[in-house]
Amino acid sequence: MTVWEMAKQRDAYGEALVELGRERDDIVVLGADLAGSCRLKKFGDEFPERMFNVGIAEQNMTGVAAGLALSDKTVFSSTFAVFATGRAYDQIRQSIAYPKLDVKIVSTHAGITVGGDGASHQMLEDIALMRVLPNVKVVAPADFHESRKATFAIAEEEGPFYMRMGRSSVPIITEEDDPFEIGTATKVKEGDDVTLIGTGIMVSRCLKAAEILDKQHDIGARVLNMSTIKPLDEDKIVESAKETGGIVTAEEHVVSQGMGSGIAQVLSESNYHVPMKRVGIPNVFGESGGSEELMEKYGLTAEHIVESAHDVLERR
């Protein structure tokens, strides 16, 4: 089994913010008393006049972000995912999405891998909340390198974005010079028998599953990295369905209205129907525990993806 180097996505985000600040004087960063955890501190140290800590007041932070965007600033607004999307949803809808302002809501500590903080801090519904909002694009990078490139990409494209990252270190599965484009899925492994589509930290689990399927079952699994959840790369989804005849999706999010639901909608409306299985968290709240223990409990493992691939192949 391939062993990858590990790194935290939020470290890449913090580094990219500093680089952006040096390149552009319109970049402004907001935090909600979590500058250290969200890796905003280096930006604040170098550009104190462009870094604002609003305190534990996420709804107010969203309003401040809107005001700065109306003053011709490109605003990065960061806190934990549960606060960034849940606590401030109305302000995002009314003050950022509706007027289509240039605010980048970038969250850390998303998903079940927050671990010991438990259900109150394990944001499992953020993709669903953000992908339904008009004008908001949703990005979930797979690793350290993609998190850095995604930060530059969303800064370059005007308009509201939501970008989610986790707390824990994750495998580095992409190369520093790999291309990254909003709205484009990346084929990270070839295969003709079934397609595994992952987003965020689940892309590495899809790659592990593909190795197991290849070595133990002689099944060639294609793996797509769906780093943009809105807009989805509909062409690659339909192409993979046609060429492999089955789809398994994997996300660290509730299966209700996440990436997998979006892909199911694409296939349904394209009138190209293939067996499909969504791997994700059932419609439940999480619980306190170690990150890997929780990933095992809720079925977010390579082995569970392998089982899902066999289910799809049996129904093909």
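Using the numbering used here, the final residue of the sequence shown is 317, and nothing's skipped along the way. We treat Cβ as the ideally placed atom computed from N, Cα and C, and that holds for glycine.
Cut-off 7 Å between Cβ atoms - residues of its own chain near residue i, not counting five sequence neighbours on either side
{"i": "Glu6", "result": "Ile173"}
{"i": "Asp246", "result": "Here residue 246 turns out to be Gly, not Asp, going by the sequence shown. So the list reads Val275, Arg317, once near-sequence residues are dropped."}
{"i": "Ser148", "result": "Gln10, Ala13, Tyr14, Pro142, Met166"}
{"i": "Met203", "result": "Ala251, Glu252, Glu253, Leu301"}
{"i": "His122", "result": "Phe81, Val83, His110, Val115"}
{"i": "Leu35", "result": "Thr80, Phe81"}
{"i": "Gly184", "result": "Thr229, Pro232, Asp234"}
{"i": "Glu212", "result": "Met2, Thr3"}
{"i": "Ala265", "result": "Met277"}
{"i": "Ala17", "result": "Arg149, Thr152, Phe153"}
{"i": "Arg1", "result": "Past the edges of the chain, shown from 2 to 317, lies residue 1, and the structure says nothing about it."}
Residues near residue i by beta carbon distance below 8 Å, same chain, minus five either side
{"i": "Val267", "result": "Leu233, Glu235, Ile238, Val239"}
{"i": "Pro283", "result": "Val255, Val256, Tyr299"}
{"i": "Ala8", "result": "Asp144, Phe145, Ser170, Val171, Ile173"}
Close Cβ partners of residue i (< 6 Å) along its chain, the five nearest in sequence each way excluded
{"i": "Ile28", "result": "Leu21, Gly22, Thr75"}
{"i": "Ile106", "result": "Ser78, Ala85, Tyr163"}
{"i": "Gly263", "result": "Leu233"}
{"i": "Gly287", "result": "Ile113, Ala120, Gln123"}
{"i": "Lys43", "result": "Gly15, Val19"}
{"i": "Asp144", "result": "Val171, Ile173, Ile174, Thr175"}
{"i": "Thr196", "result": "Arg223, Ser241, Thr245, Ile248"}
{"i": "Gly221", "result": "Gly192, Asp193, Asp194"}
{"i": "Arg88", "result": "Glu59"}
{"i": "Ser205", "result": "Pro172, Ile174"}
Presumed contact (8 Å Cβ cut-off) between residue i and residue j, rounded CB distance
{"i": "Ala310", "j": "Ala186", "result": "In fact, because the Cβ distance is near 18 Å, the residues do not count as touching under 8 Å."}
{"i": "Ser228", "j": "Thr200", "result": "7 Å"}
{"i": "Ile155", "j": "Val140", "result": "6 Å"}
{"i": "Met62", "j": "Ala33", "result": "5 Å"}
Spatial distance of residue i from residue j (CA atoms)
{"i": "Glu304", "j": "Ser38", "result": "31 Å"}
{"i": "Gly281", "j": "Gly64", "result": "33 Å"}
{"i": "His218", "j": "Val307", "result": "10 Å"}
{"i": "Gln92", "j": "Ala66", "result": "10 Å"}
{"i": "Asp118", "j": "Ser289", "result": "6 Å"}
{"i": "Tyr90", "j": "Asp215", "result": "43 Å"}
{"i": "Leu314", "j": "Asn54", "result": "51 Å"}
{"i": "Ala129", "j": "Phe48", "result": "34 Å"}
{"i": "Val285", "j": "Gln95", "result": "28 Å"}
{"i": "Gly160", "j": "Lys101", "result": "6 Å"}
{"i": "Gly291", "j": "Cys207", "result": "21 Å"}
{"i": "Pro180", "j": "Leu225", "result": "14 Å"}
{"i": "Ala58", "j": "Asp312", "result": "46 Å"}
{"i": "Asp178", "j": "Glu24", "result": "20 Å"}
{"i": "Met52", "j": "Asp46", "result": "9 Å"}
{"i": "Glu157", "j": "Asp73", "result": "14 Å"}
{"i": "Glu293", "j": "Ser108", "result": "21 Å"}
{"i": "Glu270", "j": "Leu31", "result": "39 Å"}
{"i": "Arg40", "j": "Gly56", "result": "15 Å"}
{"i": "Glu126", "j": "Asp26", "result": "34 Å"}
{"i": "Val133", "j": "Leu295", "result": "27 Å"}
{"i": "Gln330", "j": "Ala70", "result": "Only positions 2 to 317 of the chain appear in the structure, and residue 330 is not among them; the question remains open."}
{"i": "Arg168", "j": "Pro135", "result": "28 Å"}
{"i": "Glu297", "j": "Met131", "result": "26 Å"}
Counted within 10 angstroms of its Cβ, other Cβ atoms place residue i as buried (16 or more) or exposed
{"i": "Thr152", "result": "buried"}
{"i": "Glu191", "result": "exposed"}
{"i": "Lys243", "result": "exposed"}
{"i": "Val137", "result": "buried"}
{"i": "Lys150", "result": "buried"}
{"i": "Val189", "result": "buried"}
{"i": "Asn272", "result": "exposed"}
{"i": "Ile198", "result": "buried"}
{"i": "Asp1", "result": "Nothing about residue 1 can be reported from this structure: the residues present for the chain run from 2 to 317 only."}
{"i": "Val1", "result": "Examination of residue 1 is not possible in this model, given that the chain is present from 2 through 317 alone."}
{"i": "Gly261", "result": "buried"}
Chain B contact for residue i (CB, 8 Å cutoff)
{"i": "Gly259", "result": "In summary, chain B is missing from the structure at hand, where a single protein chain is found."}
Residue i: CB within 7 Å of a non-hydrogen atom of the ligand ADP
{"i": "Asp144", "result": "The model depicted lacks the ligand ADP and carries no ligand whatsoever."}
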